[in-house]
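Step one of this worksheet: look at the structure below.
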Amino acid sequence: MATHLSSELKSLDRRTFLKTSAAGGAALLIGFHLPAHASSDPAQAQEKPPINPLNAWVRITPDNRVTLILAKSEMGQGIMTALPMILAEELYLDWNKVSIEQAPTDPKIYDLGTGGSGSVAGSWLPLRQAGAAAREMLIAAAAKKWEVGADTCKAQNGYVVHGHPERSYSYGELVADAALLPIPNFKEVPLKNSRDFTILGRDTHRVDAASKAAGTAKFGIDSRPDGLLYAVIARCPVFYGKVASFDAAKAKAVPGVRDVFQIETSGRGASTTGGVAVLADNSWAAIQGRKALEVKWDEGAAAKESSEELHNQFVANAAAKPGSVIRNEGDADAALSAATKKVEAVYELPFAAHVCMEPMNCTVHIQSDRAEAWVPTQAPQWAQGVIAEATKLPPEKVTVHTTLMGGGFGRRYQADFVMEAAQVAKKSGKPVMVLWTREDDMQHDFYRPASYHKCQGIVDADGNLAAWKHFQTSTSIAAKWSPKGEEDNGQGEFGTGATVPYKSPNLRIEYTLAHSSAPRAWWRSVEHSSSGFVVESFVDELAAAAGQDPLAFRLKLIGESRKLPQFGGEPDSPPLDTARLKGVLQLAADKAAWSKHLPDGEGRGIAGFYSFDSYVAAVAEVSVKPRDLKIKRLVCTVDCGRVVNPNGVRAQVESAAIYALTATLKDAITVEGGRIVQSNFNDYHMLRMNEAPPIEVYLVDSEEKPTGIGEPTVPVIAPALCNAIFNATRKGKKELRLRRLPVRAEDLA
Amino acid sequence: MAITFTLNGKSQTLTDVSPDMPLLWVLRDVLNMTGTKFGCGIMQCGACTVHINGEMSRSCMLPIANVAGKKVTTIEGLSADGSHPVQKAWIEEDVPQCGYCQSGQIMSAVALLAKKPKPTDADIDEAMSGNICRCGTYQRIRKAIHRAAGSKA
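Here it is as structure tokens:
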């Protein structure tokens, strides 16, 4: 159990969740009857029992059709292309001839959890080893047939070849024999020399582009098992409020409505609120039925909560006694007290919703002795566990088909929508899709925490950083999931924001928890979306106070190249390599023509941040007029180690930049009367085509281990943009230093 | 009440369907044609975009009764095998990420190109700003439209 839990939790969020709330996280998963052993690492898995790569990772038919197995979920990040590329490389396959198949939810073989920007980083070596082991088995089978030494044979484009004149067997001709051979020790199989790569590192088209352009790609919401019924659920609009009573008569009178019944709250694990399900022949009838339904809610104490009240908590927390000390070196408080000149700034970020374009949904069919489910999920195994819990079936009797996802962004690591579907399916006995409308999706999300930060710093006469203090108060993620509820020291709310790369003899980081009933969880880049904004805005303020160029100032404070251990990181967390951070900053500056003069009203801003073990910098170039902002150019530079598919990495950077711009420039999620105010795209706006700036992406050529790419661009966008707005207004009547997100038109007045 | 319309070139008659059911749900849940997507239900995101008599239209608030006698084209009707020039351009530029909004994006782009075979960036902004892409593929959509138009590399 322990082995499995740590592996699952690592996937949940490698940097924060495990460190700050492992106990809470474990409690979260216990009760889902998870199997004791799970690992995607074939080297580990082969010890007992051995995993045959010619079944688990690659399937070859006698007529030489090759299918590569994908054990991560595709939510748009391109993993369905990237991971099979790794297998294909080691297997010497013709990339254009392979098919890809989603792995079954078998935790004995696969670690399916997809999150934390960890899929390529975590699968890189295991998949290379699996591919190489399969290749060695195919070669051994051919050598045996020819009665020659395996070392005289080689793999080539889906064949094993030998001798002069050359003779060959296709993999298809060898697979039956090969699959019966001893499985090599994965840790000892020879891996391909990177100089010989023909697939990895090359721009590769997405394997799912054609079906997505044709409209034939099947998302969770497109699941249509025979006899499918559709359900929507009326949930209390107030966080975790309950059904007091309901009258189904009017709902049942709606043509197409089959049944109306209550479902219970499912407690902390899946964290559902319960409600009243309306089951119908089609989605429309279900939605109409819910409109007609009359429910009285027991709203509970959360009905008093509001964004204003939360802001007041933040202000009070910042003014009150010191927070819990996360990190302390030297004596920042003494230095700040003694300083004649110091810089102080307060930053505030709101709750943010994930807003996957495909609203949450899950399709479940429960029969007496088994269940089948079609789930757009980042955590298939968790979904399996939740359905097992709801049905009292053993997990191995629950078949989870991991479907394509219309966006994930961390939202689909939850299993609330799975639990609901299992509950409704169990009660109805029919295959059921629980469909969330956009309003459901926006108002019953697990939000990025709202946070408030007070930063203080001193730049001495020589331009060195004499003190750095960062106080944060927020509605933390870990507190939402902690076993006792609403307890957390807050370390996870800083992430790599606590690994400050700017040298200072006096450094202090403090945290105070603020309370909220709003559900919180992992939103693309998690705590780094706030940490990146705060650290990279504040260092910019320090540069301005010192009269220094923001790039030169950063490079000076980062200082000589060194490796900083990730503060609060896992034992195996790679250190922050300041040379690589300086590298992306300098590259961004070079590509953006940092020093080139801009007219008044225009400006550039820079930010660089380390998260998910990757280094990203951005330079934004803007033009600012009263109530109007134009982003003329956005340059992003990335060092994420060795790149599997440059085309895919660039796409992720473009995507994360737009995602971050929406959070920076559009709406806040706000709370009134214990409920979310925003409900749909008319009041929670997304960045659109006419607002999307041109984005340039430059990748650092690296042979380091691959690291995360889905998320680490998010943290640099808001600070680069706000720093650019400051720079653009430096000569105007009023310097605009924007410290509260999102940026509002009136902020630019 | 029977409702008859033309769907992707073929006559389609529906009986026993609520006349106020939006075309989106008729397509998805009654006819099991799931290429057209549900995104917001209030004509704000464009995921449900189809063509009605050749004009771009959001299907999520369009009652099926209003479609009677009209010609409906969905993503499935654009080409038999995904070979429409716009679909090919989408593949060539690797536009889709999650792909959920792309049926709607493509239907909007096809409608744009029918009216303006060589659209400018401003034309693209105007025609495509009703379609939200949460993966932020806008830059590639723009390139793909130019590619399909042959107007710019």
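As you go down the protein sequences, you meet chains A and B in turn. Residues 1 to 749 in my numbering are what the first sequence lists, from first letter to last. Residues 1001 to 1153 in my numbering are what the second sequence lists, from first letter to last. The beta-carbon is built from N, C-alpha and C at its ideal position, and this holds for glycine as well. Quick caveat: nothing in here was measured; it's all calculated off a predicted structure.
Closer than 8 Å to chain A by CB, residue i
i, result
"residue 1015(B)", "no"
"residue 1110(B)", "no"
"residue 1021(B)", "yes"
"residue 1052(B)", "no"
"residue 1012(B)", "no"
"residue 1005(B)", "no"
"residue 1034(B)", "yes"
"residue 1047(B)", "yes"
"residue 1150(B)", "no"
"residue 1072(B)", "no"
"residue 1018(B)", "yes"
Contact with chain B by residue i, beta-carbon distance below 8 Å
i, result
"residue 208(A)", "yes"
"residue 355(A)", "yes"
"residue 682(A)", "yes"
"residue 437(A)", "yes"
"residue 224(A)", "yes"
"residue 417(A)", "no"
"residue 751(A)", "The first residue shown for chain A is 1 and the last is 749, placing residue 751(A) beyond what the model contains."
"residue 219(A)", "yes"
"residue 194(A)", "no"
"residue 705(A)", "no"
"residue 116(A)", "no"
"residue 230(A)", "yes"
"residue 216(A)", "yes"
Inter-residue CB distance, residue i and residue j (contact presumed, cutoff 8 Å)
i, j, result
"residue 665(A)", "residue 687(A)", "7 Å"
"residue 132(A)", "residue 175(A)", "Going by Cβ atoms, the distance from residue 132(A) to residue 175(A) rounds to 16 Å, so no, they are not a contact pair."
"residue 760(A)", "residue 707(A)", "This structure cannot settle anything about residue 760(A), because the visible part of chain A is limited to 1 through 749."
"residue 715(A)", "residue 532(A)", "2 Å"
"residue 455(A)", "residue 470(A)", "5 Å"
"residue 378(A)", "residue 521(A)", "Their Cβ separation, rounded to whole angstroms, is 11 Å, which puts residue 378(A) and residue 521(A) out of contact at 8 Å."
"residue 376(A)", "residue 149(A)", "Not a contact, Cβ separation roughly 49 Å."
"residue 417(A)", "residue 361(A)", "7 Å"
"residue 410(A)", "residue 481(A)", "The Cβ separation is near 14 Å, so there is no contact."
"residue 1072(B)", "residue 1137(B)", "Not quite, the Cβ-Cβ distance comes to about 26 Å (not below 8 Å), so this is no contact."
Sequence-distant residues of the same chain with beta carbon closer than 8 Å to residue i, five excluded per side
i, result
"residue 33(A)", "Its pLDDT being 27, under 50, residue 33(A) is placed unreliably in this model, and the coordinates cannot settle the point."
"residue 1147(B)", "1089, 1092, 1093, 1153"
"residue 62(A)", "172, 173, 175, 176"
"residue 667(A)", "678, 683, 684, 685, 742"
"residue 167(A)", "146, 161"
"residue 432(A)", "228, 229, 230, 231, 279, 363, 364, 365, 421, 424, 425"
"residue 311(A)", "348, 452"
"residue 561(A)", "577, 578, 579, 582"
Enclosing beta strand (DSSP E) for residue i [first to last residue]
i, result
"residue 468(A)", "465-474"
"residue 611(A)", "602-611"
"residue 246(A)", "242-247"
"residue 145(A)", "Here residue 145(A) belongs to no beta strand (DSSP E); instead the alpha helix (DSSP H) covers 119-146."
N- and C-terminal bounds of the alpha helix (DSSP H) containing residue i
i, result
"residue 648(A)", "646-665"
"residue 763(A)", "The question about residue 763(A) has no answer here: the residues shown for chain A are numbered 1 through 749."
"residue 440(A)", "438-443"
"residue 154(A)", "It is not in any alpha helix (DSSP H) - residue 154(A) instead sits in the beta strand (DSSP E) that spans 153-156."
"residue 1121(B)", "1121-1128"
"residue 171(A)", "171-178"
"residue 698(A)", "Element bounds for residue 698(A): not the alpha helix (DSSP H) but the beta strand (DSSP E), 695-699."
Close Cβ partners of residue i (< 6 Å) along its chain, the five nearest in sequence each way excluded
i, result
"residue 1124(B)", "1142, 1145"
"residue 68(A)", "58, 84, 87, 98, 100"
"residue 540(A)", "550, 723"
"residue 323(A)", "471, 510, 511, 512"
"residue 607(A)", "536, 618, 716, 719, 720"
"residue 373(A)", "364, 387, 400"
"residue 591(A)", "635, 698"
"residue 441(A)", "359, 360"
"residue 525(A)", "711, 714, 715"
Cβ shell of residue i (< 7 Å), same chain only, five flanking positions each side left out
i, result
"residue 657(A)", "634, 636, 695, 713, 717"
Interface positions of the segment 688-700 of chain A facing chain B (Cβ-Cβ less than 9 Å), listed along the chain
688, 689, 690, 691, 692, 693, 694, 695
Using a Cβ-Cβ cutoff of 8 Å, what residues of the segment 1098-1125 of chain B are near chain A? List them in chain order.
Cβ contacts with chain A: 1098, 1099, 1100, 1101, 1102, 1103, 1106, 1124, 1125.
Members of the segment 1131-1146 of chain B near chain A, C-beta cut-off 8 Å
1131, 1132, 1133, 1134, 1135, 1136, 1137, 1138, 1139, 1140, 1141, 1142
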